[in-house]
Structure formats: structure tokens, C-alpha cells
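Numbering (the numbering used here), first residue to last: 1 to 281. Report on the structure given below.
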Ligand SMILES: [Fe+2]
Ligand SMILES: [Fe+2]
């Protein structure tokens, strides 16, 4: 069994300090095997914001993997934005823009989908070299290893917003992810928490690939949702997604979704909203 904490969109420079403290405390309690951070570590790609993000990473008591998001690229420093967009990110966060972890049970690959040379650089894209990397990394692994890809930009829209822009070149990437038997895609960017199966939207895919999107863990840029992160328990043939949401004083369990693998499909076995009606005194 493995437990992943999937946190995203921290946005240091525009964070709620109480929530940051609550997040560190909750991670200490949950003791994940690995923390996966899917981009937007800072609000503006300034040194001061990156220094705060670095200080946060230093406090994490467990191993972590991280990729950048669009906010980790400078907006106003045009020279740096076009010539060396990940300069601060590489200095303060990580020099590795495609981190990878593998052990006997899980393989986790991160890809950088943030781009500085497209018209609206909040959008993300996967390039052909990254599609090759997916094939090279996952294609060699035995079937029993649970395979996870994480990016900043999403592959699956929220259930109530099907026209949401997805990561560019998701079509060819999904075809390789399907061929390689990748089980789970993690992303952020939208500041909304939801999970589902890629097959529910991308009808050309004939094999289940689960998706978990994380809300913003610590930012005050909320989109009608609380700060939250995903606690993911992988215990074949089951996987459980628990949205741990900030309730004003602590992170507490929200929606819990449990899936079971049957052949090439992940079936939703149980779901618990976390809502408990008040009982009479
Ligand atoms: Fe974000
Ligand atoms: Fe973003």
C-alpha cells in the first residue's frame, strides 16, 4: 500500500498563513509516502515568492516531486520570460523539470506543461519529446507497478464545465498513456477538486485512466471551493481519493471516492460526501 499527498497551486506570495501551517500539520499527521506537487508554487515568479516556497518545501517531512505551473514563469520580466523562464524555479525549487520516482509498487513521472512562448501563456502543452518520455519511462515497467503521471495543466474538465481548455496535445499523449497502462493522472491549475475517469470524456480511450484534480492548497485565489489537497491511497485492486479540505481551523476529510479495478476498468465502488447530519441532543 502507498499513500500519496497531491497538493497543487500553492501560490506563495498570495497565501493564507494559517492554511499553510494547517497543511504542514496535516501532512505530518497523514504521513504520506510521497508528496506530489503539481505546479503554481508562487503567485508571481519573483525571488521573494520563490524564497517563501523554498522555505515551505524545506519543512516537508516526506519525499516530494514537483513540476512548475504557469505562475512559476515571470510575467513582466520579458527578457527572462522568453530567454530563461524557469531560472528562478530551477534555482529555488528544482533543477529537474521532469522528476521521476519508481519503486516496487508505484512509478510517478512529472512533466512540465508550462510554456512561455505561446500567446496566452496560462495555457499548457505537452511536446513530442515529453510524449516520447512517457513511452520510455512507463513502457518498460511491469504491469503490477501502479503508474502515475502528474502535470500542472488538466487532461479532464470539471464535470460542470466540459468546455474547459485542456493541456495541449492531450490527444496523442492519452494514446501513449493508454498503451503504457498508466493508471492515474494528477493535475491542478483550475483550483477545483474533482476526480473521475478519462473515459467519461475522451471517448477515443478504451481503457480506464483515473484522474484527480486538486484545488489550491494554500492560496487565497479560491474559485468557490475551500483550500484542499488530495490524499490518495493505492492498495490494489483499490484506490481511494480523499479530498482533505480546510475548514477554518484544520484540514478535514471531505469527499471520499473509492474505486476498484476490474480488468481494464476502474469502477466507482463507494463515495462518501463527508456530510453528517446533526443528531438531536
Ligand atoms: Fe494556480
Ligand atoms: Fe496555473
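Ideal Cβ positions, reconstructed from N, Cα and C, are used throughout, including at glycine.
How many angstroms separate the CA atom of residue 100 from the CA atom of residue 160?
32 Å
Here's a check: name, in chain order, each residue in its chain whose Cβ is nearer than 6 Å to the Cβ of residue 233, leaving out the five neighbours to either side.
3, 240
Option nearest residue 182 by Cα separation, candidates 145, 132, 263:
145
To which residues of the same chain is residue 247 closer than 8 Å at the C-beta, ignoring the five residues directly before and after it?
226
Should residue 106 go down as buried or exposed, given a rule of 16 or more other Cβ atoms within 10 Å for buried?
buried
Expected contact under 8 Å - CB spacing of residue 124 and residue 153 to nearest Å
3 Å
Contact shell at 6 Å, judged by CB to any heavy atom of ligand 2, ordered along the chain
40, 69, 70, 71, 152, 189
Residue 188 and residue 9 - do their beta-carbons sit closer together than 9 Å?
yes
Contact under 9 Å by Cβ, residue 37 with residue 66:
yes
Name the DSSP bridge partner or partners of residue 64?
35
On the premise that residue 221 lies in contact with residue 14, defined as a C-beta separation below 8 Å, what is that separation, rounded to the nearest angstrom?
6 Å
Can you give the beta carbon distance from residue 126 to residue 173, rounded, assuming they're within the 8 Å contact cut?
5 Å
Ligand 1 and residue 191: does any heavy atom of the ligand fall closer than 8 Å to the residue's C-beta?
yes
In this structure, how does DSSP classify residue 106 when only helix, strand and coil are distinguished?
strand
Does the beta-carbon of residue 120, which I'm using as the reference point, lie nearer than 8 Å to any heavy atom of ligand 1?
no
6 Å CB neighbourhood of residue 103 in its chain, flanking five on each side removed:
none
Where the alpha helix (DSSP H) containing residue 136 begins and where it ends
128-139
Is there at least one non-hydrogen atom of ligand 1 closer than 8 Å to the beta-carbon of residue 289?
Summary: the structure shown does not reach residue 289, with the chain confined to residues 1 through 281, and so no result is reported for it.
On the DSSP bridge list, what partners appear for residue 92?
Answer is none; residue 92 lacks a bridge partner.
Using three-state DSSP, classify residue 245 as helix, strand or coil.
strand
Which same chain residues end up closer than 8 Å to residue 271 when comparing Cβ atoms and leaving out the 5 residues on each side of it in sequence?
255, 256, 257, 258
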